[in-house]
Amino acid sequence: MLNVFVEPTSEPKADNQAVPKLKVGEWFRIDRNVIDERKDEIYRKCMEEGAVGEKYWKRFKKSNRIADENPDQYPRIIETYIFKHDWEYKTEQEMRDMCKEIGEGMCDEVICDLELQMRICNGESATDLFKKADKLPRVRVIQLRNGGTGYFGGGTAGIFSSSNPPADLYGDDFFPSYKCYRDTPYAFRRVLS
964 MLNVFVEPTS EPKADNQAVP KLKVGEWFRI DRNVIDERKD EIYRKCMEEG
1014 AVGEKYWKRF KKSNRIADEN PDQYPRIIET YIFKHDWEYK TEQEMRDMCK
1064 EIGEGMCDEV ICDLELQMRI CNGESATDLF KKADKLPRVR VIQLRNGGTG
1114 YFGGGTAGIF SSSNPPADLY GDDFFPSYKC YRDTPYAFRR VLS
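Note that the working numbering has the sequence shown beginning at 964, numbered continuously upward.
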């Protein structure tokens, strides 16, 4: 059993406090109400990025529709968690198990798109998310909606660095015993309002 203590998320920040950033080892809050309220801003920031931004806007619209059609699976508030990578390797199955032990399972591509939109709402630029290399240390492993394994973002960690932007997403089949040396799992939990 994974023995990780995670402090509960604090109350929303006051106006004079810093906007939450996505960090390794901390829960990151995604509020779909905020995303809905700022949909026009997200659209505008995507369109400012040209063809790349238009591609992501289409992906966001599809993910938002899926989330709206499946409210039990994607409640209004979700929190995500990036594990600190402190092992030689984990199998894909071990990573999925880790996510179930700390939360409700692995993030999927819909949650990843909600995360990106929340980051735009929190003030991160679409250029940084769509075009520049990720500043997080590791690519995040997710469980695709079709059951496959996905890889989200890039990473700065030494010889395993990847210049992929944070919004980069690609998938493969699920191979339970595949040993993953460089990437880290990405967990989620629902927050009931």
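All residues carry an ideal CB built from backbone N, CA and C; glycine is no exception.
When the alpha-carbon of Lys1047 is set against those of Ile1065, Pro1129, Asp1003, Leu1079, the nearest one is in Ile1065.
Nearest in C-alpha terms to Asp999, of all of Phe991, Met1081, Gly1016, Glu1055, is Met1081. In the structure shown, the three-state DSSP call for Leu1077 is helix. By the 16-neighbour rule on beta-carbons within 10 angstroms, Pro1139 is exposed.
As computed with DSSP, Val1015 is found in no beta bridge at all. Along the region 1062-1129, the alpha helix (DSSP H) occurs as fully enclosed runs of 4 or more residues at 1072-1084, 1089-1093, listed in sequence order.
In terms of Cβ geometry, Arg1103 and Asp1146 form a close pair [threshold 8 Å]. Residue Arg992 holds the alpha-carbon nearest to the alpha-carbon of Glu1042 among Ile1083, Asp1035, Arg992, Leu1099. Of the candidates Glu1011, Pro1128, Glu1057, Glu1057 places its Cα closest to the Cα of Gln1106. DSSP, reduced to helix, strand and coil, places Lys1142 within a strand of the structure shown.
Less than 8 Å separates the beta-carbon of Cys1143 from that of Lys1053. Exclusion of the five residues before and after Glu1011 leaves Ala1089 as the residues of its chain whose Cβ lies within less than 7 Å of its Cβ.
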